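In the numbering used here, the protein residues as written are 1052 to 1175.
One structure below.
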Ligand SMILES: Cc1cc2nc3c(=O)[nH]c(=O)nc-3n(C[C@H](O)[C@H](O)[C@H](O)COP(=O)(O)O)c2cc1C
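If you want it as structure tokens, here you go:
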């Protein structure tokens, strides 16, 4: 995977303008665009690889006392096009997701979501 760390407020503002789903990006310290190289993706697991990398970023940031928002990019064409243009990505590079990183100004209660009905043993 490749990681583009974006700290430039002007670029973060452009991202927020073009992608309302990440409208809070300019208020954060940085954004990390997680990208995969399609030329090296022989197995077709670029989304899984990118998502695992994003989850690791979220967990590491949390441990460092930082807040994050995972902003989905692929497969939304408009978002892929926007990041490709704004970040000058070559044609073989696919932006999978964008992680906005900053200091959270609120803490939310974490709901209990475990549902035993969703766990299946041996068969569905
Ligand atoms: C694949 C994926 C894409 C997401 N895209 C966005 C997004 O574009 N903008 C956003 O504000 N949050 C996005 N989120 C974050 C979710 O909206 C939500 O805040 C996060 O998953 C935490 O959920 P929870 O509050 O239910 O625990 C995304 C989450 C995932 C897993």
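Don't be surprised by glycine CBs; every beta carbon is placed ideally from N, CA and C.
These numbers were taken from a predicted model, which means no experiment stands behind them.
Checklist entry - With respect to the alpha helix (DSSP H) encompassing residue 1088, which residues constitute its N-terminal and C-terminal limits? => result Here residue 1088 belongs to no alpha helix (DSSP H); instead the beta strand (DSSP E) covers 1081-1088.
Checklist entry - Is the distance from the Cβ of residue 1134 to the Cβ of residue 1066 below 9 Å? => result yes
Checklist entry - Say the cut is 8 Å; is the CB of residue 1111 nearer than that to a heavy atom of ligand 1? => result no
Next on the checklist: For ligand 1, I want to know if residue 1102 counts as a neighbour, meaning its beta carbon is within less than 8 Å of at least one of the ligand's heavy atoms.
Outcome noted: yes
Next on the checklist: For residue 1166 and residue 1100, I'd like the C-alpha separation in whole angstroms.
Outcome noted: 26 Å
Checklist entry - Which ranges does the beta strand (DSSP E) cover as unbroken runs of at least 3 residues, wholly within the stretch 1129-1163, from first to last along the chain? => result 1144-1153
Checklist entry - What distance in whole Å lies between the Cβ atoms of residue 1108 and residue 1145, which are believed to be in contact at a cut-off of 8 Å? => result The Cβ separation is near 17 Å, so there is no contact.
Next on the checklist: Restricting to runs no shorter than 3 residues, where is the beta strand (DSSP E) found entirely within the stretch 1091-1134?
Outcome noted: 1118-1123
Item to check | Start-to-end residues for the beta strand (DSSP E) that takes in residue 1053 | outcome: 1053-1057
Checklist entry - Which residues in the same chain as residue 1104 place their Cβ atom closer than 6 Å to its Cβ, once the five residues preceding and following it in sequence are excluded? => result 1052 and 1085
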